[in-house]
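Participant:
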Amino acid sequence: MANRYGFEDRVALVTGGASGIGAATVERLKAGGAEVHIFDLANGDDVRDPAQIDAAVARLDRLDILVCAAGVAGDTVHTEEITNEEWSRVLSINLDGVLYANRAAVPKMKAAGYGRIVNIASVAGKEGNPMAAAYSASKAAVIGLTKSIGKDIAGSGVLVNCIAPAVIDTPLLGQSSEEHLAYMTSRIPLARLGEAPEVASLICWLASEEMSFSTGACFDISGGRATY
Numbered sequence: 488m489a490n491r492y493g494f495e496d497r498v499a500l501v502t503g504g505a506s507g508i509g510a511a512t513v514e515r516l517k518a519g520g521a522e523v524h525i526f527d528l529a530n531g532d533d534v535r536d537p538a539q540i541d542a543a544v545a546r547l548d549r550l551d552i553l554v555c556a557a558g559v560a561g562d563t564v565h566t567e568e569i570t571n572e573e574w575s576r577v578l579s580i581n582l583d584g585v586l587y588a589n590r591a592a593v594p595k596m597k598a599a600g601y602g603r604i605v606n607i608a609s610v611a612g613k614e615g616n617p618m619a620a621a622y623s624a625s626k627a628a629v630i631g632l633t634k635s636i637g638k639d640i641a642g643s644g645v646l647v648n649c650i651a652p653a654v655i656d657t658p659l660l661g662q663s664s665e666e667h668l669a670y671m672t673s674r675i676p677l678a679r680l681g682e683a684p685e686v687a688s689l690i691c692w693l694a695s696e697e698m699s700f701s702t703g704a705c706f707d708i709s710g711g712r713a714t715y
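Every number in this note's numbering is 487 more than the matching position in the sequence shown, counting from 1.
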């Protein structure tokens with residue numbers, strides 16, 4: 488039986504909440520009693536548009552939890568083959584979208600004196616995956632962004648952390664080549680893909696009141712791949 492965190496009377500917003508890690512997180516937050524709102528491209532929402540994110544947050548009377556799970560893998564190509572358009576696309580979704588959502592959520596959370604923000608980075612942001620320069624760079628930046636925001640608003644009652652998963656069995660894998668997937672899986676000592684509910688369990692702990700003494704940190708969930 489999964490641990491149950493009490494999210495009664497809490498309001499959450501999950502970007503990328505329609506599938507994969509985001510959907511698993513939505514399910515678990517709801518099971519804990521949270522009122523959950525989904526911001527997802529499947530619903531016509533675009534994290535690259537700060538006005539849309541600002542409006543989504545403004546519509547909420549309160550916001551206790553923000554989970555930024557929207558992201559793309561990007562093309563699996565050698566560095567010299569990355570187009571300007573692809574570089575901008577991946578960075579705008581994976582990094583700009585996280586900034587926009589955090590920036591919109593922080594004032595409302597600070598005013599309430601409470602908040603939990605969890606950003607989804609990747610072990611690729613620590614190690615750098617071959618043929619994934621845009622993705623790796625964007626996730627490294629999410630880690631740095633999280634550390635900066637966490638320290639910037641420390642003492643406000645709002646805690647900001649991120650997670651660094653290894654390869655997880657989600658629809659995002661459809662954007663990667665078989666060669667790239669084989670490489671990523673071969674780096675995992677537990678020798679398997681992670682599952683979205685496993686990641687959601689870590690996210691929900693970080694989003695809970697039980698997590699009270701960490702901010703600006705990166706938590707690994709990598710099957711043993713991460714070494715620092």
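For each residue, glycine too, the CB sits at the ideal point set by N, CA and C.
Going by C-alpha to C-alpha distance, which of Ile540, Thr657, Gly600 sits closest to Arg590?
Facilitator: Taking the sequence shown and counting its residues from 1, one reaches residue 590 at position 103. Arg590 has its Cα closest to that of Ile540, out of Ile540, Thr657, Gly600.
Participant: Per DSSP, Pro652 is paired with what?
Facilitator: Indexing the sequence shown from 1 puts residue 652 at position 165. Pro652 pairs with Ile708.
Participant: DSSP three-state call for Glu522: helix, strand or coil?
Facilitator: For this step, residue 522 is matched to residue 35 along the sequence shown. Strand, per DSSP.
Participant: Could you tell me which uninterrupted beta strand (DSSP E) segments, each at least 3 residues in length, are contained entirely in the segment 614-675, listed from first to last along the chain?
Facilitator: Counting only runs of 3 or more, we get 645-652.
Participant: Distance check for Leu550 and Leu500, CA to CA, integer angstroms please.
Facilitator: Within the sequence shown, the letter at position 13 stands for residue 500. Within the sequence shown, the letter at position 63 stands for residue 550. Roughly 7 Å separates the two Cα atoms.
Participant: Check whether the Cβ atoms of Gly710 and Pro676 lie closer than 9 Å to each other.
Facilitator: Your numbering for residue 710 matches position 223 in the sequence shown. Your numbering for residue 676 matches position 189 in the sequence shown. A contact, by the Cβ cut-off of 9 Å.
Participant: Candidates Leu689, Ser643, Asp583, Asp496: which alpha carbon is nearest Asp536's?
Facilitator: Against the sequence shown, residue 536 aligns to sequence position 49. Cα-wise, what sits closest to Asp536 is Asp583.
Participant: Could you check what DSSP says for Thr563 in three-state terms: helix, strand or coil?
Facilitator: By one-based count along the sequence shown, residue 563 stands at place 76. In this structure, Thr563 counts as coil in the three-state DSSP scheme.
Participant: Is the CB-CB distance between Ala653 and Gly681 below 9 Å?
Facilitator: As a position in the sequence shown, residue 653 is number 166, starting the count at 1. As a position in the sequence shown, residue 681 is number 194, starting the count at 1. It is a contact, given that the beta carbons lie within the stated cut-off.
Participant: Leaving aside the five residues before and after Asn581 along the sequence, list all residues of the same chain whose C-beta is less than 6 Å from its C-beta, in chain order.
Facilitator: One-based indexing of the sequence shown puts residue 581 at position 94. Correct list, in chain order: Gly558, Ser625.
Participant: If contacts are defined as beta-carbon pairs under 8 Å, then Leu586 and Leu547 qualify, I think. What distance do you get, rounded to the angstrom?
Facilitator: For this step, residue 586 is matched to residue 99 along the sequence shown. For this step, residue 547 is matched to residue 60 along the sequence shown. The pair is not a contact, with the Cβ atoms about 19 Å apart (cut-off 8 Å).
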